[in-house]
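Number of protein chains: 2
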Amino acid sequence: MLNLLELEQLVAFADWGTLSKAAEELHISQPTITRTMKNIETAFGVPLFARGKNKIELNETGKRAVEQARSLLAAAENAVLQVQSCHARLHTILAESCAPAPLWSLLPLLSSAFPEKTISSKLCRQETIIKDVSSDVCEIGILLSPAPSDELSCIPIMQENLSVCISRTDEFANRKSLTFADINGFNCLLRSQIGFWTELCRQKMPASKFLVQTEDFAFQELVQNSNLPCFTTNLASGMSSLIQNRNVIPITDPEANVTYYFICKKSRKQYIAIANQLADPTN
Amino acid sequence: MLNLLELEQLVAFADWGTLSKAAEELHISQPTITRTMKNIETAFGVPLFARGKNKIELNETGKRAVEQARSLLAAAENAVLQVQSCHARLHTILAESCAPAPLWSLLPLLSSAFPEKTISSKLCRQETIIKDVSSDVCEIGILLSPAPSDELSCIPIMQENLSVCISRTDEFANRKSLTFADINGFNCLLRSQIGFWTELCRQKMPASKFLVQTEDFAFQELVQNSNLPCFTTNLASGMSSLIQNRNVIPITDPEANVTYYFICKKSRKQYIAIANQLADPTN
DNA sequence: TATTATTACGTTAGGCGTAAAGATT
DNA sequence: AATCTTTACGCCTAACGTAATAATA
C-alpha cells in the first residue's frame, strides 16, 4: 500500500533531481531513499524509473506518479486541516457584533456559562453577521435592528447612547444636548475597533476629520493633552478619569441612540438564555 | 503525518463498531488497533474518540475524520490505478477497427515492428474510432472512408469484397453475381465479431433472419451441415475447405466492396510506415 | 461470566545509517 | 577525482502479539 511518508520522498526526488540531493534535503541517507523508491515502485506495481548504472530518473509513468503523489499529499494535509477546524468549531463559541460594547457583558457571561469552550469574538458588518449566523459560521450575532429571518431568534438586550466629550472651553461646552450636525466640521479623536460607530461618524460628520488611534495608550494621551472632541457612551467605562476637564453632552440624533439585538439560531436554546440574562441583568 | 494503513484501521473501526471486531476483521490484535487509534489522534492533533472505561466511540470530530480517511483511501487507490493505466497505455498499442479482416494483417506487423509492446485490438463503430484516435484513447484506427480530420493521417490499405456462399442446389447457384436485394429474405448464417458487416447485412436484407454464431465450431458445423447461405470475402482464409458443396458468388452492391483506411495521429510516423507496408505488401 | 478496552512486557522484524563497491563525468 | 546509485551489513528502534488488568453489561 502507498505510504505518504514515502511519497514525500518521491516528490522530493522529483523536485531536487537526484537521490543524493533529495536525501540531503530530507536529512536522510542516500541508501534509505534508494530503498524507498523501490518500495514505491512495488506499491504502484509498475516501473517508475529509468535506471542507468549511476543515474536514475523518472520515466513517463514516474512523472505521472509524482503528480498523483503531490495531489495525494495535498489531500492529506487538507484532511488534517478539515478535521482540526471541525474540532475548533465544536469547541469555540464565536460571537460577531457590530459594536464592541455588547461584547463586554456578553463574553464574560458566555465564559462562565460554557467554561469548557473557547469564546471568541469579532466585529463585523451587519450583513456579514446575519449571513454568518444563518450559515453556522458563528453562533451568536449582535445587530442594530431585528434580524429579518424567521429561523433566527432575536432579542433586544441593551441600549447605547452616544455623547460627545467637549473641552470646557469650547463654545458648545454648556449645551444640554448636541446633534451630529452641530459638531460636523470638528476634528475628533476616535478609537479603532468600535464597529459601526466609525462608519456612522464619517457619514454624519462628513466635514470632520477623525484621528483614529489604534493604540489605547495613544488615545488616552491625546484625550488628556488636547482639546479635540472625543466620544463616550453610557456603556463605556474607564472614561471618567480621562475627561475631568471636559463636559459630556448627549447627542440626540436617533442614530446615536441605538438598541442592540441578540440573534442566534432558534434551535440554540442555551444561547437564548444568555440573551435574556443580558436583557434583564437582575436575573 | 497521516498513514494510510492506519487510516484503514480507523475506517474499519467505524465500520465494525468496536476495536475488537475491527481487529478481528483485519487479522491484527486488539492492542495494535488501540495503539493505532492513538497514533491517528496525534496525527490529526485533536481528540477523535469519546472513551469510557471499557468502551470507545467516535466523537463528532472523529466521524469527520473517518469521512476524510475514506476519501483519502479512495484517492490513494485511484492514484495507483491512474499510474498503472498510464503505464499500460505507454506499453500497449491499441488498434480499433470497423471490421476484423484488416487486423489479421495489421496485428502481426505491429507485433514484429514493436516486439516490446503489447498489441491489443477492438472492433468499434466508426464514430467511436475517430473519436478515440483523436483523443489518444487508441493509436490506430481502421475505417471504411477517409477520416474527416486534418490532424490525422489517412491511408487506404486494402479492399474487401463480399461474396455469398450458396448451396449448389440453390436456385441462384449458377449466377455470376448477386445483389443484397436478390438474397433478401434468405435466412443466413453469420459469425459474430465481424464489425460493420453485421449491421450492413441487417440493413440491406431486412427481410432475412441471421443465425449469428458466437462459437467458431458451431458456425463451421452449420456451414457444412445446412443449406443456409453464408458469407466470405477475398480476405477470409480457411473457408475453402468448408464450402466444397457451395458456390461463391460475388455481391455487386457498392457497400459490399469496401476500401479500408488506416488512420493515426500525423505525429505517429512509426505507424504510418506500417500502413504503407499494408498498402503495398511487396515492400 | 462474557465482552471490551487498556496496560505491561518480551520478542522480533524491518528500517535506518555506515561503509564499501561499482560506475560515470 | 568527484559525484551518484546501489549493495552489504550491523545496530537499534519501534511495532506487533501475548498475557494480564480493569471495567462493564
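If you're matching them up, the sequences are chains A and B in order.
By our numbering, the letter at position 4 of the first sequence is numbered 4, and the numbering carries on one by one without gaps.
For any residue, its number in our numbering is found by taking its place in the second sequence, counting from 1, and adding 1000.
Every residue, glycine too, gets a C-beta built ideally from N, C-alpha and C.
Predicted, not measured: the structure shown is a model, and the values here were computed from it.
Measure how close the beta-carbons of residue i and residue j come, nearest whole angstrom, since I'm counting them as under 8 Å.
{"i": "I1183 of chain B", "j": "Y1260 of chain B", "result": "In fact, because the Cβ distance is near 24 Å, the residues do not count as touching under 8 Å."}
{"i": "K1209 of chain B", "j": "N1234 of chain B", "result": "Not confirmed; about 26 Å, so no contact."}
{"i": "G195 of chain A", "j": "A99 of chain A", "result": "4 Å"}
Would residue i and residue j qualify as a contact pair, given that the criterion is a beta-carbon distance under 8 Å?
{"i": "L200 of chain A", "j": "L211 of chain A", "result": "no"}
{"i": "A76 of chain A", "j": "L1072 of chain B", "result": "yes"}
{"i": "L109 of chain A", "j": "A95 of chain A", "result": "no"}
{"i": "I1130 of chain B", "j": "S1149 of chain B", "result": "yes"}
{"i": "E1006 of chain B", "j": "T1036 of chain B", "result": "yes"}
{"i": "I1040 of chain B", "j": "L1019 of chain B", "result": "no"}
{"i": "N1078 of chain B", "j": "L4 of chain A", "result": "no"}
{"i": "G1270 of chain B", "j": "L1242 of chain B", "result": "It should be noted that the sequence gives Gln, not Gly, for residue 1270 of chain B. Their beta carbons are not under 8 Å apart, which means Q1270 of chain B does not touch L1242 of chain B by this criterion."}
{"i": "F13 of chain A", "j": "I33 of chain A", "result": "yes"}
{"i": "I1251 of chain B", "j": "T1179 of chain B", "result": "yes"}
{"i": "Q1126 of chain B", "j": "L1144 of chain B", "result": "yes"}
{"i": "I1189 of chain B", "j": "L1222 of chain B", "result": "One detail in the question is off: residue 1189 of chain B reads as Leu in this sequence, not Ile. Yes. Within cutoff."}
{"i": "S97 of chain A", "j": "S112 of chain A", "result": "no"}
Check whether chain A comes within 8 Å of residue i, counting only Cβ atoms and requiring the distance to be less than that.
{"i": "R1070 of chain B", "result": "no"}
{"i": "M1037 of chain B", "result": "no"}
{"i": "N1003 of chain B", "result": "yes"}
{"i": "E1060 of chain B", "result": "yes"}
{"i": "H1044 of chain B", "result": "Strictly speaking, residue 1044 of chain B in this sequence is Phe, with His absent from that position. So, interface residue."}
{"i": "C1138 of chain B", "result": "no"}
{"i": "R1064 of chain B", "result": "yes"}
{"i": "A1076 of chain B", "result": "yes"}
How many angstroms separate the CA atom of residue i from the CA atom of residue j?
{"i": "T282 of chain A", "j": "A1043 of chain B", "result": "48 Å"}
{"i": "S267 of chain A", "j": "S135 of chain A", "result": "13 Å"}
{"i": "S1226 of chain B", "j": "V1133 of chain B", "result": "42 Å"}
{"i": "T1061 of chain B", "j": "C86 of chain A", "result": "6 Å"}
{"i": "K1204 of chain B", "j": "E1215 of chain B", "result": "25 Å"}
{"i": "S177 of chain A", "j": "T128 of chain A", "result": "34 Å"}
{"i": "P1206 of chain B", "j": "I1274 of chain B", "result": "38 Å"}
{"i": "Q84 of chain A", "j": "T92 of chain A", "result": "12 Å"}
{"i": "I1140 of chain B", "j": "F1049 of chain B", "result": "56 Å"}
{"i": "Q213 of chain A", "j": "Q220 of chain A", "result": "9 Å"}
{"i": "L1162 of chain B", "j": "M1 of chain A", "result": "54 Å"}
{"i": "T1169 of chain B", "j": "R1246 of chain B", "result": "8 Å"}
{"i": "A1088 of chain B", "j": "I1119 of chain B", "result": "11 Å"}
{"i": "A1074 of chain B", "j": "E67 of chain A", "result": "16 Å"}
{"i": "C1264 of chain B", "j": "V1258 of chain B", "result": "19 Å"}
{"i": "P1156 of chain B", "j": "C1138 of chain B", "result": "19 Å"}
{"i": "W16 of chain A", "j": "A65 of chain A", "result": "16 Å"}
{"i": "Q193 of chain A", "j": "L123 of chain A", "result": "7 Å"}
{"i": "E1116 of chain B", "j": "F1262 of chain B", "result": "22 Å"}
{"i": "P47 of chain A", "j": "F1114 of chain B", "result": "19 Å"}
{"i": "E1171 of chain B", "j": "A1101 of chain B", "result": "30 Å"}
{"i": "S240 of chain A", "j": "T232 of chain A", "result": "9 Å"}
{"i": "V248 of chain A", "j": "L81 of chain A", "result": "50 Å"}
{"i": "K1021 of chain B", "j": "K1055 of chain B", "result": "13 Å"}
{"i": "E1024 of chain B", "j": "P1031 of chain B", "result": "12 Å"}
{"i": "A1069 of chain B", "j": "E8 of chain A", "result": "18 Å"}
{"i": "I1272 of chain B", "j": "P1146 of chain B", "result": "15 Å"}
{"i": "N59 of chain A", "j": "F1217 of chain B", "result": "46 Å"}
How is the beta strand (DSSP E) around residue i delimited, first residue to last?
{"i": "F172 of chain A", "result": "No beta strand (DSSP E) holds F172 of chain A; DSSP gives it neither H nor E."}
{"i": "T1232 of chain B", "result": "C1230 to T1233"}
{"i": "L211 of chain A", "result": "F210 to Q213"}
{"i": "L189 of chain A", "result": "C188 to R191"}
{"i": "A50 of chain A", "result": "F49 to R51"}
{"i": "K122 of chain A", "result": "T118 to L123"}
{"i": "I1249 of chain B", "result": "R1246 to P1250"}
Answer yes or no: does any C-beta atom of chain B fall closer than 8 Å to that of residue i?
{"i": "Q284 of chain A", "result": "This structure gives no information on residue 284 of chain A, because the portion of chain A shown stretches from 1 to 283."}
{"i": "F219 of chain A", "result": "no"}
{"i": "A50 of chain A", "result": "no"}
{"i": "H27 of chain A", "result": "no"}
{"i": "L371 of chain A", "result": "Because residue 371 of chain A is not part of the residues shown, which for chain A are 1 to 283, the question remains open."}
{"i": "C86 of chain A", "result": "yes"}
{"i": "A79 of chain A", "result": "yes"}
Could you give the first and the last residue of the continuous alpha helix (DSSP H) run that contains residue i?
{"i": "G62 of chain A", "result": "E60 to H91"}
{"i": "F196 of chain A", "result": "F196 to K204"}
{"i": "T1042 of chain B", "result": "Q1030 to F1044"}
{"i": "T1259 of chain B", "result": "Per DSSP, T1259 of chain B belongs to no alpha helix (DSSP H); it is in the beta strand (DSSP E), N1257 to K1265."}
{"i": "L1005 of chain B", "result": "L1004 to W1016"}
{"i": "P281 of chain A", "result": "From DSSP, P281 of chain A is part of no alpha helix (DSSP H); its letter is neither H nor E."}
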